[in-house]
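Line by line, the protein sequences give chains P and F. So for the first sequence, this note's numbering puts the first residue at 1; every next one is plus one. So for the second sequence, this note's numbering puts the first residue at 1001; every next one is plus one. Glycine included, every Cβ here is placed at the ideal spot set by N, Cα and C. As the structure is a computational prediction, the values presented were derived from the model and not from experiment. Everything below concerns the one structure shown next.
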Amino acid sequence: AQSVTQLGSHVSVSEGALVLLRCNYSSSVPPYLFWYVQYPNQGLQLLLKYTTGATLVKGINGFEAEFKKSETSFHLTKPSAHMSDAAEYFCAVSFSGGSNYKLTFGKGTLLTVNP
Amino acid sequence: GAVVSQHPSRVICKSGTSVKIECRSLDFQATTMFWYRQFPKQSLMLMATSNEGSKATYEQGVEKDKFLINHASLTLSTLTVTSAHPEDSSFYICSARGLAVSYNEQFFGPGTRLTVL
């Protein structure tokens, strides 16, 4: 069975500071990994994904994440936080051929950005 | 591309009534659609998976007679909450995947806020 753990339900940073949101996964087969962002009362927007190939993945809005198989991690980073980055972030995992690529989500991390 | 819409975005109903939520893939054919439920400040909980023309597969603990899912075409899936009660109040989100559009990715709708009085 696959699972996702997001360390820290709430992360607070200052505007311009580094953003680091942590995600660890458990999967018995090679995973597909995703980061989504959710603004209040809205659906999920894909930030970036890792399927195969390059382990450093760049996404929208200046975010990137690195797949580290040895650490079973897929942490999300952004060099400089902007006020508009304040939102809920979800890490998710699926795998090839499994149950229609069903996603398993972490519990989410709320990012607040202080002026 | 790969846009998913939901209708309505918000619905308020009386206890005991049924509510239907539509999920549409606007610019691609969705071979699989997913329905999620999200409680305030919590993660998404998968309720069911449906493939076009087939019966939905429900997750453990989800009442199939309570939450009726119909995936009648490659662009439309509906979720009907039957005899809704206040505990069914939640944010419902659908997603869709299609073979021709990034097959390993789900595209999410904007969600429907259901409030049962």
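From the beta carbon of residue i, is the nearest beta carbon of chain F less than 9 Å away?
i              : result
G108 (chain P) : yes
N61 (chain P)  : no
Y25 (chain P)  : no
F74 (chain P)  : no
F67 (chain P)  : no
K78 (chain P)  : no
L134 (chain P) : What is shown of chain P runs 1 to 115, which leaves residue 134 (chain P) out entirely.
Q45 (chain P)  : yes
Is there a Cβ from chain P that is less than 9 Å from the Cβ of residue i?
i               : result
V1004 (chain F) : yes
F1091 (chain F) : yes
H1049 (chain F) : The displayed chain sequence assigns Thr, not His, to residue 1049 (chain F). With 9 Å as the cut-off, T1049 (chain F) counts as an interface residue toward chain P.
E1105 (chain F) : yes
S1073 (chain F) : no
F1067 (chain F) : no
S1077 (chain F) : no
Enumerate in chain order the residues of its own chain whose CB-to-CB distance from residue i is below 8 Å, with the five nearest sequence positions on each side excluded.
i               : result
V1062 (chain F) : M1047, A1048
Can you give me the Cβ contacts of residue i inside the same chain, cut-off strictly under 6 Å, excluding the 5 residues immediately before and after it?
i             : result
R22 (chain P) : L7, H75
L56 (chain P) : E66
Buried or exposed: which applies to residue i, given that a residue is buried once 16 or more other Cβ atoms fall within 10 Å of its Cβ?
i               : result
A65 (chain P)   : buried
Y39 (chain P)   : exposed
P31 (chain P)   : buried
S94 (chain P)   : buried
F1039 (chain F) : exposed
S1075 (chain F) : Strictly speaking, residue 1075 (chain F) in this sequence is Thr, with Ser absent from that position. The residue in question, T1075 (chain F), is buried, as its Cβ has 16 or more Cβ neighbours within 10 Å.
Using C-beta distances below 7 Å, list every residue in its chain close to residue i, excluding the 5 sequence neighbours before and after it, in chain order.
i               : result
G1111 (chain F) : Q1006, F1091, Y1092, I1093
S1105 (chain F) : Strictly speaking, residue 1105 (chain F) in this sequence is Glu, with Ser absent from that position. Closer than 7 Å at the Cβ level, and outside the excluded window around E1105 (chain F), lie R1097.
Legend entry - Segments of 3+ residues assigned as beta strand (DSSP E) that fall wholly inside the segment 74 to 107 of chain P: 87 to 95, all fully within the segment 74 to 107 of chain P.
Inset, instruction - Note down, one range per segment and in chain order, each beta strand (DSSP E) of at least 3 residues found wholly within the segment 1016 to 1062 of chain F. - result: Counting only runs that start and end inside the segment 1016 to 1062 of chain F, the beta strand (DSSP E) elements of at least 3 residues fall at 1019 to 1025, 1032 to 1038, 1044 to 1051.
Inset, instruction - Pull out every residue of the segment 1016 to 1046 of chain F whose Cβ sits closer than 9 Å to any Cβ of chain P, in chain order. - result: Along the segment 1016 to 1046 of chain F, the positions whose C-beta sits under 9 Å from a C-beta of chain P are T1031, T1032, F1034, Y1036, Q1038, K1041, Q1042, S1043, L1044, M1045, L1046, read in chain order.
Legend entry - Residues from the segment 28 to 43 of chain P in contact with chain F, defined by Cβ distance under 8 Å: Listed by position, the residues of the segment 28 to 43 of chain P near chain F (Cβ gap below 8 Å) are Y32, F34, Y36, N41, Q42, G43.
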